[in-house]
Amino acid sequence: MLRTHWLTSPAAAKAYYKSADYYAATPGEWLGRGAEMLGLQGPANYADFEKLCDNLDPRTGELLRPHARDDGRVGMDLTFNSTKSVGIARELAGAGNAGDPRIEEAHRDAVRYAMSFVEADMQGRVRVGGKNEDRTTGNMVACRFTHRDTRISADDGRPDMSLHDHVFVLNTTHDPVEGKWKAAQMGQIKHDAPYYEAIYHNRLASNLRELGYGIRRKDKAFEIEGISDDLVKKFSRRREYIKAVAAKLGITTPEGMDKLGATTRLGKAKELADDLNGYYVSRLTGKERQELASLKGRPSYQSNEQEAVRYAIGHLFERKSVVEERRLYEAAIRHGIGSVTPEGVKAEARQQGLLVKAGEATTREVLAEEERVVAFAREGRGTCRPMGMSAAPPRTQPTGQFQSIAGQRATSLPQSNPSHLATASSSAQPKPAISDLSPEQAAIARHVWDSPDRVILIRGAAGTGKTHTMKATIAGIDRPVVVLAPSADASRGVLRKEGFEEADTVARFLIDERYREQARGGVIWVDEAGLLGIRQVRAVFDAAEELGARVVLQGDRKQHGSVERGATLRVLEQFAGLPVAELKDIRRQRGRYKDAVASLAKGDILAGYDTLDSLGWVKEAQGSKPLVDEYMAALDAGRSVLVVAPTHAEGDGITKEIRSRLKERGIVREDERDFKTLAPLHWTDAEKGDLERFVGTETLQFHRNSGTFKAGDRVRVADIKRGSSYKSPSHFSVYQERRCALAVGDTIRITANGKTADGKHKLNNGSVYSVAGFTEQGDILLGNGWTVAADYGHLAHGYVATSHASQGKTVDRVLIAMGRQSRPAINAEQFYVSVSRGRESATIYSDAPREELRADIQRSDPRKSATELLGRPKPRPRKRDRLRTLTERVKTAFKQLREKAVDVMGIVREKERDYARAR
83 MLRTHWLTSP AAAKAYYKSA DYYAATPGEW LGRGAEMLGL QGPANYADFE KLCDNLDPRT
143 GELLRPHARD DGRVGMDLTF NSTKSVGIAR ELAGAGNAGD PRIEEAHRDA VRYAMSFVEA
203 DMQGRVRVGG KNEDRTTGNM VACRFTHRDT RISADDGRPD MSLHDHVFVL NTTHDPVEGK
263 WKAAQMGQIK HDAPYYEAIY HNRLASNLRE LGYGIRRKDK AFEIEGISDD LVKKFSRRRE
323 YIKAVAAKLG ITTPEGMDKL GATTRLGKAK ELADDLNGYY VSRLTGKERQ ELASLKGRPS
383 YQSNEQEAVR YAIGHLFERK SVVEERRLYE AAIRHGIGSV TPEGVKAEAR QQGLLVKAGE
443 ATTREVLAEE ERVVAFAREG RGTCRPMGMS AAPPRTQPTG QFQSIAGQRA TSLPQSNPSH
503 LATASSSAQP KPAISDLSPE QAAIARHVWD SPDRVILIRG AAGTGKTHTM KATIAGIDRP
563 VVVLAPSADA SRGVLRKEGF EEADTVARFL IDERYREQAR GGVIWVDEAG LLGIRQVRAV
623 FDAAEELGAR VVLQGDRKQH GSVERGATLR VLEQFAGLPV AELKDIRRQR GRYKDAVASL
683 AKGDILAGYD TLDSLGWVKE AQGSKPLVDE YMAALDAGRS VLVVAPTHAE GDGITKEIRS
743 RLKERGIVRE DERDFKTLAP LHWTDAEKGD LERFVGTETL QFHRNSGTFK AGDRVRVADI
803 KRGSSYKSPS HFSVYQERRC ALAVGDTIRI TANGKTADGK HKLNNGSVYS VAGFTEQGDI
863 LLGNGWTVAA DYGHLAHGYV ATSHASQGKT VDRVLIAMGR QSRPAINAEQ FYVSVSRGRE
923 SATIYSDAPR EELRADIQRS DPRKSATELL GRPKPRPRKR DRLRTLTERV KTAFKQLREK
983 AVDVMGIVRE KERDYARAR
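Numbering (our numbering), first residue to last: 83 to 1001.
Quick look at the structure:
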């Protein structure tokens, strides 16, 4: 990646120059129009560089920036790294493995080209006239140094080849409007570093192709065709060493790897790069020498702007409605590497429907999808008749007709809510009446029963009793109700346990015609609707329109959103003009714990954190031992407990410690069996359709019949035969094989929907089971008597969950790991979901200072909608709507007063009877 870091003192910058100039393959070179304005062109010299570091004009020795601070930043270093095979070819390609110097110039040209884009984005501060903004200046003062090797290896004190440039951009730029030099504003340049890196790699790949080399796409860049991955690894000892140290220390983030690279540096080689050829050649095999001598003329990866942009749009907009404009260009350039230009990509993106505003982008298709959803909800306002009783619901429903004012299809209703529908009609669990609800919950029920709108919104914070309210509300609806949830665990695992016997997933509802037909003339009620993507909501609305049904969407915007592009609830609230009924009173927790969760639900993250901290529930801890100590104590106390970690990597370390403790107690047996598991790679459809992305070790599992393959087929990519075909990447998922050791007494979690070995029982994604034993054939026996086939694959240890997997779960105590290695995954949504899972306590364990943790939990991911980006006007309430809203408020107030009056009269009559009996 393009590394960027600030140098904050003149002394450090001067020392950097001396070191860079000594080891550089070429003398320092000035870059930029700003340097030209100061008379600096061609080779750099130390005297001029030193003056600039001291904020002096190299021509006059006077101050360059009159208002510079003594402790200000001196400049930013940008490191452009070619790929390893490029460095290998520079040193060893060609006859006699003497190397190809033209590759170095191709690299230097690519850096110069990428820096022209950096320069065009340079900005300076504008503070005159009371302004506080930045102005694009389009000029920079920079000095570049080219290096051809790494730091020495601990193996033999010698380096590997590594062609790269350090470009030091001085913290100064000339403002042409005010006519003076200013401090540069380079925060956005640092942010856009991946975009500039893509431009550099793309230009380098194009230059190499012109020199006759073939390229192959690799990860986010490329390698030279003919240079094997094994040879790349041979000359990547520094990288392999850092990876080994990182694995030992449990470091997984790019930031952590960068810091580790800085802290494990050894010295530079004493030889100049030209003197190392003999050493490099000595490390080659005879076959490798021959391959490097004949690299030219090999086939090369080719693409075009149309294909590259189509990939980028498909990939990025599968999960977001709005993306940064430059992230899309970056993705397209990387996909078309060596075959496209930045200008061509930008023009093609507009041709394919990209809509851009203030550096952000969406597409015409995404916008039309949102407009379809908003239009359905907006046009359905005030078009339907009430569908329930505002008093206590009857135990049987009267025969009647459902017909909207707009003339929807009429449907005869049975005498009672049919038991085959997804309602709270279990005979073992009586329906709650409205008298069982709090005033706030009763208001929700009335909101649904009396609403004249086609789409009804309910917003409820975690732990406010949404499910209990839903039961009573559905019991009072006079037509069929189908209850859905986004996931199998939420629908079959949670809702069915709460009495919704036929609750199922939205996905099944959309593809199962017979199941969908149950909602005709009735209600489609979606729980946890915030987890639905906009495309799924649109499909639900399309089904509702065809079935003459109404839709209730119930969810919490403060919790995790959908994996697919979404923000549906916010879009409907803001742009469809729908009233929202809200549950705020938290009932899951008590006391100050309740206060903390209430603060998080309102978005006051720091107040919630501080309340937890005052309770002593925020603990600084190194390693997982303290958390596991509390886990074991909870088990000893007979309390249900859930461990939540932001990332699987951190969760794996905790799992290892928990299993070790359980083995010490004999709860988990010592003897283990090793099982192959399948870890989902979560690729988008665009990624799955990109053949260059596969390395051959992946496993595909089809969930729909598709060309040569049938639903349920599982095949490794390397084993797919020529002539095999599939219709669409959406028909399969991609997995990487892993290993998982299981023993009797272990807890496992199902990671994908499937069936037991005998095909009689469903295994739902997210469900947790205990391991009771193993069959003679090696299958897994579960604690409930079911058997899971040994090759099922979709399972993992079930001791730790991510916050996404924990959403919807409730336990007595929740233990939350928030270590530094998981910092990129920590945000406000993750914190709120994790903390709100417990009834009794929520303890947070972190090895990060409190200041870091407080900063991390304030980050949020409120994914913007296309409608918000393009500033579509919010609907103004029509006069009729305002009158209707006022009427509804009066009616609701009157009903509440009437109920209170009934309660008061009941108390008076009871007192009168008591008085009469006493006489």
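We put the CB at the ideal spot given by N, CA and C, even for glycine.
For this session: Please classify Ile-668: is it buried, with 16 or more other beta-carbons within 10 angstroms of its beta-carbon, or exposed?
Result: Translated into positions along the sequence shown, residue 668 becomes position 586. That one is buried.
Problem set entry | Inter-stretch contact at 8 Å, needing at least 3 Cβ pairs: the region 172-188 / the region 264-277 | no
For this session: Using the Cα positions of Thr-367 and Lys-166, report the straight-line distance between them to the nearest angstrom.
Result: Here residue 367 refers to the residue found at position 285 of the sequence shown. Here residue 166 refers to the residue found at position 84 of the sequence shown. For Thr-367 and Lys-166, the distance between alpha carbons rounds to 18 Å.
Problem set entry | Cβ-based burial, Lys-300 [other Cβ within 10 Å; buried from 16] | Translated into the one-based positions of the sequence shown, residue 300 becomes position 218. By the 10 Å Cβ count, Lys-300 comes out buried.
For this session: Please state if the CB of Gly-630 and the CB of Arg-598 are separated by a distance shorter than 8 Å.
Result: The residue given as residue 598 occupies position 516 in the sequence shown. The residue given as residue 630 occupies position 548 in the sequence shown. Cβ atoms of Arg-598 and Gly-630: not closer than 8 Å.
Exercise. Among Leu-635, Val-853, Ser-916, which has the Cα closest to the Cα of Arg-755?
Worked result: As a first step, residue 755 is located in the sequence shown; it is residue number 673 there, counting from the start. When each option's Cα is compared against that of Arg-755, the closest is Val-853.
For this session: Please classify Glu-702: is it buried, with 16 or more other beta-carbons within 10 angstroms of its beta-carbon, or exposed?
Result: One-based indexing of the sequence shown puts residue 702 at position 620. It counts as exposed.
Problem set entry | Three-state secondary structure assigned by DSSP to Arg-454 | In the sequence shown, residue 454 corresponds to position 372, counting from 1. Reduced to three states, the DSSP call for Arg-454 is helix.
Exercise. Cα-Cα, which of Lys-213, Ile-516, Ala-719, Gly-121 is closest to Asp-139?
Worked result: Numbered from its first residue, the sequence shown carries residue 139 at position 57. The residue with the shortest Cα to Cα distance from Asp-139 is Gly-121.
For this session: Evaluate the contact criterion for the region 304-319 versus the region 123-130: three or more CB pairs, one atom per stretch, below 8 Å.
Result: no
For this session: Check whether the region 362-380 touches the region 608-624, counting contact only when three or more Cβ pairs, one atom from each stretch, lie closer than 8 Å.
Result: no
Exercise. Exposed or buried, which one is Thr-505 when buried takes at least 16 other CB atoms within 10 Å?
Worked result: For the purposes of this step, residue 505 is identified with residue 423 of the sequence shown, where counting begins at 1. Because the pLDDT of Thr-505 is 41, which lies under 50, any placement of that residue in the model is unreliable, and the number read from its coordinates should be weighed accordingly. Thr-505 comes out buried.
For this session: Return helix, strand or coil for Arg-821, following the three-state DSSP convention.
Result: Taking the first residue of the sequence shown as 1, we reach residue 821 at position 739. Strand.
Problem set entry | Residue interval of the beta strand (DSSP E) (run including Cys-225) | What you label residue 225 is simply residue 143 of the sequence shown in a count that begins at 1. Element bounds for Cys-225: 224-231.
Problem set entry | Nearest to Val-726 (by Cα), restricted to the options Leu-410, Leu-760, Leu-897 | Along the sequence shown, one-based indexing puts residue 726 at 644. Ranking the options by Cα distance to Val-726, first place goes to Leu-897.
Problem set entry | Assigned secondary structure, His-886 (DSSP; H/G/I helix, E/B strand, else coil) | In the sequence shown, counting from the first residue as 1, residue 886 sits at position 804. His-886 falls in the helix class under three-state DSSP.
Problem set entry | Alpha-carbon to alpha-carbon, Ala-557 and Gly-901 | The sequence position of residue 901 within the sequence shown is 819, counting from 1. The sequence position of residue 557 within the sequence shown is 475, counting from 1. Each residue's Cα considered, the two are about 45 Å apart.
Problem set entry | CA nearest to the CA of Thr-1004, picked from Glu-580, Val-564, Gly-604 | Any question about residue 1004 goes unanswered here, given that the chain covers just 83 to 1001.
For this session: Give the secondary structure of Gly-1028 by DSSP, where H, G and I count as helix, E and B as strand, and everything else as coil.
Result: Since the first residue of the chain shown is 83 and the last is 1001, residue 1028 is not available in this structure.
Problem set entry | Reduced DSSP secondary structure (H/G/I, E/B, other) of Gln-641 | By 1-based counting over the sequence shown, the position of residue 641 is 559. Coil, per DSSP.
For this session: Output yes or no for whether 8 Å exceeds the beta carbon distance between Thr-759 and Ala-589.
Result: Position 677 of the sequence shown, counted from the start, is the residue given in the question as residue 759. Position 507 of the sequence shown, counted from the start, is the residue given in the question as residue 589. No, the Cβ-Cβ distance between Thr-759 and Ala-589 is not below 8 Å.
For this session: For Arg-941, collect the residues of the same chain with a Cβ closer than 8 Å to its Cβ; drop the 5 residues on either side in sequence, then sort them by chain order.
Result: For the purposes of this step, residue 941 is identified with residue 859 of the sequence shown, where counting begins at 1. Around Arg-941: Ile-908, Asn-909, Ala-910.
Problem set entry | Beta-carbon contacts of Gly-643 that lie in its chain and below 8 Å, excluding the five residues immediately before and after | Stepping through the sequence shown from its first residue, residue 643 is reached at position 561. Excluding sequence neighbours, Gly-643 sits near Gly-612, Leu-613, Ala-649, Glu-911, Asp-943, Arg-945.
Problem set entry | Close beta carbons around Glu-430, own chain, < 7 Å, minus the five adjacent residues each side | In the sequence shown, residue 430 corresponds to position 348, counting from 1. Taken in chain order, the residues that qualify are Glu-387, Gln-388, Val-391.
For this session: Whole angstroms is fine: what's the gap from Glu-442's alpha carbon to Arg-639's?
Result: Translated into the one-based positions of the sequence shown, residue 442 becomes position 360. Translated into the one-based positions of the sequence shown, residue 639 becomes position 557. Taking the straight line from one Cα to the other gives about 22 Å.
Problem set entry | Opposing strand residues paired with Ser-788 [DSSP bridges] | Position 706 of the sequence shown, counted from the start, is the residue given in the question as residue 788. Paired residues: Phe-791.
Problem set entry | Ile-749 vs Ala-663 beta-carbon contact at 8 Å | As a working note, residue 749 is residue 667 in the sequence shown. As a working note, residue 663 is residue 581 in the sequence shown. No, the pair does not count as a contact, with Cβ atoms beyond the cut-off.
For this session: State the start and end residues of the unbroken alpha helix (DSSP H) segment that holds Thr-423.
Result: On the sequence shown, position 341 is the one that residue 423 refers to. Run containing Thr-423: none; DSSP gives neither H nor E here.
Problem set entry | Close Cβ partners of Glu-187 (< 7 Å) along its chain, the five nearest in sequence each way excluded | Counting from 1 along the sequence shown, the entry for residue 187 is found at position 105. Excluding residues within five positions, none has a Cβ falling inside 7 Å.
For this session: Would you mind giving the Cβ-Cβ distance between Asp-257 and Arg-319, rounded to the nearest angstrom? I have them listed as a contact below 8 Å.
Result: In the sequence shown, counting from the first residue as 1, residue 257 sits at position 175. In the sequence shown, counting from the first residue as 1, residue 319 sits at position 237. Wrong, their Cβ atoms sit about 47 Å apart, outside the cutoff.
Exercise. Does DSSP put Thr-555 in a helix, in a strand, or in coil?
Worked result: Looking up residue 555 in the sequence shown gives position 473. Helix at Thr-555.
For this session: Drop a sphere of 10 angstroms on the beta-carbon of Leu-935, count the other beta-carbons inside from all chains shown, and report buried for 16 or more, exposed for fewer.
Result: By 1-based counting over the sequence shown, the position of residue 935 is 853. By the neighbour-count rule (16 or more Cβ atoms within 10 Å), Leu-935 is buried.
Exercise. Quick one, which of Ile-559, Val-210, Arg-190, Val-200 has its alpha-carbon nearest Arg-285's?
Worked result: Counting from one through the sequence shown, the residue named residue 285 turns up at place 203. Closest option to Arg-285, Cα to Cα, is Arg-190.
Problem set entry | Lys-842 to Ile-830 span [Cα, whole Å] | Start at 1 with the first residue of the sequence shown, and residue 842 comes out as number 760. Start at 1 with the first residue of the sequence shown, and residue 830 comes out as number 748. The straight-line gap from Cα to Cα measures roughly 20 Å.
Exercise. Of the choices Arg-932, Ala-761, Glu-769, whose alpha-carbon is the least far from that of Thr-781?
Worked result: As a position in the sequence shown, residue 781 is number 699, starting the count at 1. Cα-wise, what sits closest to Thr-781 is Ala-761.
Exercise. Hey, which unbroken runs of the alpha helix (DSSP H) at 4 residues or more fall wholly within the region 367-412?
Worked result: 368-375, 387-398
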